[in-house]
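Student: Okay, here's the structure, questions in a sec.
In my numbering, the protein residues as written are 3 to 242.
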């Protein structure tokens, strides 16, 4: 994944970090990828920012996303949150698994507090920008309340630019699904089999399969699983 980043985005992220007393910056354009986003010359995007020495070249750790507490929270939360000496908080109450907070304390990389801006893009891509400090005694909750609404749009622009590639062009296409196809996709996303969908809709199994094949073609996917995943990513259905 090569990125052509507007340099002002990098500068703005750094400037906000220094202004807020959160000078340690970590970024990840796609937590599902073991290959970090790179500039055209091969420079990892994450290396443009200073982060905790304890974390080392974290972007080279292909399995980091599998055991990192902050990444775990970013998977389930599409709004900013803060880390405060092992505790996780946000704008509204969160019920965080205690094991996640214990993991955050065990693998803090000498970070005392941080503001994290997760970014959830179409097709299931999740990235994040982290503004952090190793200094103790920072009232991160107060900074979060004041600044999170400023940092999150900046993180969104940055992560979107990383994923847009060198052309920076995002192609938008229209998927003309029928009402019946959407009904089938919604039920499939809820875990129903073709036979169960047929009973619910009063249709035969071959008819259900026909509608699913039609939906696959319109969404540009092959197979039931990928079609349902695509439908969920595009907002036609949601898993229950």
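Just so it is clear, CB atoms sit at the ideal spot from N, CA and C, and this is done for glycine as well. From a predicted model like this one, the values you see are computed outputs, not experimental measurements.
With respect to the alpha helix (DSSP H) encompassing residue 116, which residues constitute its N-terminal and C-terminal limits?
Tutor: Looking at the DSSP string, residue 116 is not in any alpha helix (DSSP H); the run it does join, the beta strand (DSSP E), is 115–123.
Student: To test your reading of the DSSP string, which unbroken beta strand (DSSP E) runs of 3 or more residues are found completely within the segment 16–101?
Tutor: 26–30, 83–86, 89–92
Student: Give the DSSP-derived three-state secondary structure of residue 197 in the structure shown.
Tutor: It is helical.
Student: Assign residue 165 to one of two classes, buried (16 or more other C-beta atoms within 10 Å of its C-beta) or exposed (fewer than that).
Tutor: A residue is called buried when at least 16 other Cβ atoms come within 10 angstroms of its Cβ; residue 165 meets this threshold and is buried.
Student: Curious, which full-length beta strand (DSSP E) runs of at least 3 residues does the segment 172–218 contain?
Tutor: none
Student: Give the secondary structure of residue 126 by DSSP, where H, G and I count as helix, E and B as strand, and everything else as coil.
Tutor: Three-state DSSP puts residue 126 in a helix.
Student: CA-CA distance, residue 135 and residue 118?
Tutor: 12 Å
Student: On the three-pair Cβ rule with 8 Å, is the segment 202–209 touching the segment 140–153?
Tutor: no
Student: Would the segment 176–196 and the segment 210–219 be scored as touching if the rule is three or more Cβ pairs under 8 Å?
Tutor: yes
Student: With burial defined as no fewer than 16 other Cβ atoms inside 10 Å of the residue's Cβ, what is the status of residue 129: buried or exposed?
Tutor: Buried: at least 16 other Cβ atoms inside 10 Å.
Student: Check whether the Cβ atoms of residue 79 and residue 120 lie closer than 9 Å to each other.
Tutor: yes
Student: By how many angstroms is the C-alpha of residue 153 removed from the C-alpha of residue 37?
Tutor: Note on geometry: alpha-carbon atoms of residue 37 and residue 153 lie some 25 Å from one another.
Student: Helix, strand or coil: how does DSSP classify residue 132 here?
Tutor: strand
Student: Nearest-angstrom Cα distance between residue 158 and residue 44?
Tutor: 23 Å
Student: Taking the CB atoms as reference points, tell me whether residue 221 and residue 229 lie closer together than 9 Å.
Tutor: yes
Student: Residue 109 by DSSP, collapsed to three states: which one?
Tutor: coil
Student: Is the CB-CB distance between residue 15 and residue 53 below 9 Å?
Tutor: no
Student: Can you check whether the CB of residue 197 is closer than 9 Å to the CB of residue 234?
Tutor: Cβ distance not < 9 Å, so residue 234 and residue 197 don't count as in contact.
Student: Grab me the residues of residue 72's own chain with a C-beta within less than 8 Å of its C-beta, minus the 5 sequence neighbours each way, in chain order.
Tutor: 85, 106, 116, 118, 130, 132
Student: Whose C-beta lies closer than 6 Å to the C-beta of residue 239 among residues of the same chain, with five residues either side of it excluded?
Tutor: Excluding positions up to five away in sequence, the list reads 187, 188, 191, 233.
Student: Could you tell me the alpha carbon to alpha carbon distance between residue 103 and residue 77, rounded to whole angstroms?
Tutor: 15 Å
Student: Mind checking which residues open and close the alpha helix (DSSP H) that includes residue 224?
Tutor: Taken as a continuous stretch (DSSP letters only), residue 224 belongs to no alpha helix (DSSP H), as it is neither H nor E.
Student: On a Cα-Cα basis, can you pick out the residue from 141, 176, 224 that is closest to residue 22?
Tutor: 141
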